[in-house]
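Visitor: Input: one structure, supplied below.
2 protein chains.
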Amino acid sequence: MSYRALDSTTVIDYLRGQPVLAAQLPLDAPLHASEVGDGNLNQVFIVRSGSEPAQTVVVKQALPYLRVAGESWPLTRERMRFESQALIKHNELAPGLAPQVYLYDDALSLVVMEDLSHLQVMRKPLVARHRFPHFADHISTFLARTLFFTSDLYLTGPEKKLLQAQFINPHLCEIQEKFVFTNPFMTSPENNWNPLVDDAVQAVRRNSALKLAIAEMKAGYMTNGQALIHSDLHTGSIMADAQETRVIDPEFAFFGPMGFDVGAVLENLVLNYLAHFAHTPDPAVRAEYQAYLLGLVREIWTQFAAKFDALWLAEPRGDLMPADYWAYPGGADAFAEFRRRYLANLLHDTAGYGGAKMLRRMMGIVSVWDITSIADPAQRAVAERLAIRIGSRWVLERGLINSVEDLIGIVTEEAPAG
Amino acid sequence: MSYRALDSTTVIDYLRGQPVLAAQLPLDAPLHASEVGDGNLNQVFIVRSGSEPAQTVVVKQALPYLRVAGESWPLTRERMRFESQALIKHNELAPGLAPQVYLYDDALSLVVMEDLSHLQVMRKPLVARHRFPHFADHISTFLARTLFFTSDLYLTGPEKKLLQAQFINPHLCEIQEKFVFTNPFMTSPENNWNPLVDDAVQAVRRNSALKLAIAEMKAGYMTNGQALIHSDLHTGSIMADAQETRVIDPEFAFFGPMGFDVGAVLENLVLNYLAHFAHTPDPAVRAEYQAYLLGLVREIWTQFAAKFDALWLAEPRGDLMPADYWAYPGGADAFAEFRRRYLANLLHDTAGYGGAKMLRRMMGIVSVWDITSIADPAQRAVAERLAIRIGSRWVLERGLINSVEDLIGIVTEEAPAG
Chain R
1 MSYRALDSTT
11 VIDYLRGQPV
21 LAAQLPLDAP
31 LHASEVGDGN
41 LNQVFIVRSG
51 SEPAQTVVVK
61 QALPYLRVAG
71 ESWPLTRERM
81 RFESQALIKH
91 NELAPGLAPQ
101 VYLYDDALSL
111 VVMEDLSHLQ
121 VMRKPLVARH
131 RFPHFADHIS
141 TFLARTLFFT
151 SDLYLTGPEK
161 KLLQAQFINP
171 HLCEIQEKFV
181 FTNPFMTSPE
191 NNWNPLVDDA
201 VQAVRRNSAL
211 KLAIAEMKAG
221 YMTNGQALIH
231 SDLHTGSIMA
241 DAQETRVIDP
251 EFAFFGPMGF
261 DVGAVLENLV
271 LNYLAHFAHT
281 PDPAVRAEYQ
291 AYLLGLVREI
301 WTQFAAKFDA
311 LWLAEPRGDL
321 MPADYWAYPG
331 GADAFAEFRR
341 RYLANLLHDT
351 AGYGGAKMLR
361 RMMGIVSVWD
371 ITSIADPAQR
381 AVAERLAIRI
391 GSRWVLERGL
401 INSVEDLIGI
411 VTEEAPAG
Chain C
1001 MSYRALDSTT
1011 VIDYLRGQPV
1021 LAAQLPLDAP
1031 LHASEVGDGN
1041 LNQVFIVRSG
1051 SEPAQTVVVK
1061 QALPYLRVAG
1071 ESWPLTRERM
1081 RFESQALIKH
1091 NELAPGLAPQ
1101 VYLYDDALSL
1111 VVMEDLSHLQ
1121 VMRKPLVARH
1131 RFPHFADHIS
1141 TFLARTLFFT
1151 SDLYLTGPEK
1161 KLLQAQFINP
1171 HLCEIQEKFV
1181 FTNPFMTSPE
1191 NNWNPLVDDA
1201 VQAVRRNSAL
1211 KLAIAEMKAG
1221 YMTNGQALIH
1231 SDLHTGSIMA
1241 DAQETRVIDP
1251 EFAFFGPMGF
1261 DVGAVLENLV
1271 LNYLAHFAHT
1281 PDPAVRAEYQ
1291 AYLLGLVREI
1301 WTQFAAKFDA
1311 LWLAEPRGDL
1321 MPADYWAYPG
1331 GADAFAEFRR
1341 RYLANLLHDT
1351 AGYGGAKMLR
1361 RMMGIVSVWD
1371 ITSIADPAQR
1381 AVAERLAIRI
1391 GSRWVLERGL
1401 INSVEDLIGI
1411 VTEEAPAG
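Right, dumping it as structure tokens:
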């Protein structure tokens, strides 16, 4: 069937014709659909059983409206394909931590998936000082499993390359290459920053040591196909409540450096930490929540590293390296050292990519709500200035970061809690 | 048209039906074909004009004979596709330095290309102490142009990813992954080494520092998609005479680390250098030719680095980084430093990959004719022992190699010429 945009009537007809959805929806009983998307690139319907409101699915469909803008429609369709493929893979590897996909229809550029209305995107609740008691456990599991099982540590060479071929994602990668690593660090019309931190922004743009480091991080992003990464794993891509966690919107997924994902999670927690200097005026309340956030940073890295290493020990089937390679006197120690170095390099990358992304949020096209929601520009500048200092140090000192305490130490040196 | 194996009659009928070949062959006049391949995976015909013997082409066709062996026929067809694609790309980027491709027929798994009968595969003439006055110039041009123009330094992000998608080469990569980096360094039934150097071989296999380094080099080979590399660029893949040079057999081509290609060329010259301790008994004659070989190593790296850097300065259109990124006071120096570090890392990789390949030639399934042609096992052991020492040091000391003189210095320290 060729493409047609669905509406809240035709989406129901469409779903009734999909027997694979029978477990989610009563296909022969009354159904109600409401469009809840922002109608920009995609439309999003929540479709619900008339008699049993808990029976519900989400339908997300790419829209061709932006065809006038030239390349947007192919880009939008491609985006939907990568998002669906990645969601399916994430479900397989980290069940319960990504929205379940019930159906993907390439011709209609749509995906039918789990309704997550009961969860909240994490960014705002973090500003409101909510706590997520399972978040560190869940996100570290998501990271460890999605990264390990798509790497050469678990896959054979041919398995990895065939998966990599499905995730060659040229245009979405280009967006990250340009807007994370390039344009924020040079003169570019779309860049946006608080005039009150103009001196700090301009200093970054002419800091040669930093520019070299960012160029080297970009080289890694463009060449280092370590694993299937989400590639946009900020706290706006995570939905959660006190019990559950789901990672959403993986349309940027491709084979890239693992540290880009880990760094994104940690960096967003640090930006939230800095935002509380304005959002939480009471120093005692602030200090307590900031300590919670740094505890998350510590727990996420520590649990991630432990889970990743445990998977490697439990399932060493990948071509890098087969167990026989380490089967000699002293080989067990060498294998342990190989794993240690692998995770040490991953922490360096986490610092470097986290730092680069922290900087781009302060001076590029993509800002971050935690901080832009600070109404007073002078108060905002305090947080922004600290983010620029911390981001710069994470990038410049990435090779010296030997533990998560070093990463946290830079935050508390520049911006003590409370 | 579906696949059929051609013979020396039907190959002529086939060529007569290809008007695109009119410039190479008189398609309506008498033609003669002779099969010259080893009939294993491929058949190779030289087809010549009856009246004008200089008018000639080579037809290389994959054979399905090995279908009994399971996966071989798909592998052979795939091999032919990667070889053809890479030859076409090499011709475009380094014209005159790869055999010209006149026609590629995917259905018949065949390629019609330039006849190189007037040239010799370099390995044997190097044992016979021939000299190739243009080799350093030609191969450094080939390396600089094929690597630079397929990297992020020249291509945009999307251009690079689309090309990379054409060169996802799972099974040929697997062969290199296994037989360069893994099996030679552990117990594996196909490994083959001179019993007289068994102690040195076993010592490599239980040297943890070396094993860690080899595992790290393999990780780079499996993940670091820097450029379209030939990936099997030894002196058996190069045909030359006093005037001309052609790089052949690029069926292993994929997006990998540049240093793997540069290292392969240099490492094979060093193995040839070591072979002359047996092949050239006269110390004065030997010393002179060995100096020539080390001169080639020096010239190839030096010219390669200069040409690569000159291309980068002349055509900085790649997304890593756009010129505007360096447009600030001091930016020109930072850009120069970025290029310097890029080439320094490339030299480290050249040492590491060259060393790994030198070692595998001594202790894996793939030996090297320069050395296996030494009839006396004791004499052969002398060269092999030196190759193991030099290869190990290239790998272990790769991070300390700051110039090609350091690379050569390891050779002359372990095995002084003469």
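Note that the protein sequences, when read in sequence, are chains R and C.
The first sequence runs 1 to 418 under the working numbering.
The second sequence runs 1001 to 1418 under the working numbering.
Note that the Cβ used here is the ideal one computed from N, Cα and C, for glycine as well.
These numbers were taken from a predicted model, which means no experiment stands behind them.
1. If you drop the 5 nearest sequence neighbours on each side, which residues of the same chain put their C-beta closer than 6 Å to that of C:T1412?
2. In whole angstroms, what is the alpha-carbon distance linking R:E251 and R:D406?
3. Given this structure, state the Cα-to-Cα distance separating R:R317 from R:S151, to the nearest angstrom.
4. Within 10 Å of its beta-carbon, does R:A323 have 16 or more other beta-carbons around it, so buried, or fewer, so exposed?
5. For R:D38, does the count of other Cβ atoms within 10 angstroms reach 16, so buried, or fall short, so exposed?
6. Do R:K178 and R:M113 have their CB atoms nearer than 9 Å?
7. In the DSSP output, which residue or residues are listed as bridge partners for R:D105?
8. Where DSSP assigns a beta bridge to C:T1245, which residues make up the other side?
9. Using a cut-off of 7 Å between C-beta atoms, extract the partners of R:G225 located in chain B.
10. Secondary structure at R:I408, three-state DSSP: helix, strand or coil?
11. Name the residue from R:E299, R:I374, R:E174 and R:A415 whose alpha carbon lies nearest to the alpha carbon of R:V404.
12. Of all the CB atoms in chain R, is at least one closer than 9 Å to the CB of C:Y1154?
13. For C:Q1120, which residues does DSSP report across the bridge?
14. Which full runs of the alpha helix (DSSP H) of 4+ residues lie inside the stretch 1332-1377 of chain C, going along the chain?
15. In the DSSP assignment, the alpha helix (DSSP H) including C:V1270 goes from what residue to what residue?
16. Residue range of the alpha helix (DSSP H) that C:Q1303 falls in?
17. Looking at the ligand MN, does it come within less than 8 Å of C:R1081, judged from the CB to the closest heavy atom?
18. Among C:V1368, C:A1381 and C:G1352, whose alpha-carbon lies nearest the alpha-carbon of C:R1421?
19. Would R:A253 pass as a contact of R:N169 if the rule is Cβ separation under 9 Å?
20. Over what stretch of residues does the alpha helix (DSSP H) that includes R:K160 continue unbroken?
21. Can you tell me whether R:L228 is buried or exposed? The criterion is at least 16 other CB atoms within 10 Å of its CB, across all chains shown.
22. Please determine, among R:F45, R:L119, R:C173 and R:L172, the residue with the shortest C-alpha to C-alpha distance to R:S34.
23. For the stretch 1044-1058 of chain C against the stretch 1007-1019 of chain C, do three or more pairs of beta-carbon atoms, one drawn from each stretch, fall closer than 8 Å, so that the two count as touching?
24. Taking the continuous beta strand (DSSP E) assigned at R:S34, which residues delimit it?
25. Taking a contact to mean a Cβ-Cβ separation below 9 Å, would you say C:I1238 touches C:V1395 in this structure?
26. Tell me which residue opens and which closes the beta strand (DSSP E) that R:L228 is part of.
27. Look at the alpha carbon of R:L274 and the alpha carbon of R:Q303, and state the distance between them as a whole number of angstroms.
28. Could you say which of R:D7, R:S51, R:G50 and R:H230 lies nearest to R:V36 if we only look at CA atoms?
29. What residues of chain C sit near R:P322, judged by a beta carbon separation below 7 Å?
30. Considering only residues of the stretch 165-201 of chain R, which uninterrupted alpha helix (DSSP H) runs meet the minimum length of 4 residues and lie entirely inside it, listed in chain order?
31. When the Cα of R:V101 is compared with those of R:V247, R:E414 and R:M362, which residue comes out closest?
32. Of all the CB atoms in chain C, is at least one closer than 9 Å to the CB of R:N272?
33. DSSP beta-bridge partners for R:V59?
34. For the alpha helix (DSSP H) that contains C:T1146, what are its first and last residues?
35. Answer with buried or exposed for R:G50, where buried requires no fewer than 16 other C-beta atoms within 10 angstroms of its C-beta.
36. Quick one: is R:A107 buried, meaning 16 or more other Cβ sit within 10 Å of its Cβ, or exposed?
Guide: In terms of the structure at hand:
1. Within the same chain, C:T1412 has no close Cβ partners at all.
2. 32 Å
3. Each residue's alpha carbon lies about 11 Å from the other.
4. exposed
5. The residue is exposed, with fewer than 16 neighbouring Cβ atoms inside 10 Å.
6. no
7. R:L110
8. In DSSP, C:T1245 forms a bridge with C:A1240.
9. The structure shown contains no chain B; its protein chains are R and C.
10. helix
11. R:E299
12. no
13. According to DSSP, C:Q1120 bridges with C:A1240.
14. 1369-1372
15. M1258 to H1279
16. P1283 to A1314
17. In the structure on display, the ligand MN does not appear, and there are no ligands present to speak of.
18. Here chain C comprises residues numbered 1001 to 1418, so residue 1421 of chain C is not present and cannot be evaluated.
19. yes
20. Per DSSP, R:K160 belongs to the alpha helix (DSSP H) from G157 to Q166.
21. buried
22. R:F45
23. In this structure the stretch 1044-1058 of chain C touches the stretch 1007-1019 of chain C; the number of beta carbon pairs closer than 8 Å is three or more.
24. L31 to E35
25. no
26. A227 to I229
27. 24 Å
28. R:D7
29. T1182
30. 170-176
31. Sorting R:V247, R:E414 and R:M362 by C-alpha distance to the C-alpha of R:V101 places R:V247 at the top.
32. So, not an interface residue.
33. Partner(s): R:F45 and R:V112.
34. Per DSSP, C:T1146 is one residue of the alpha helix (DSSP H) stretching across F1135 to F1148.
35. Exposed.
36. exposed
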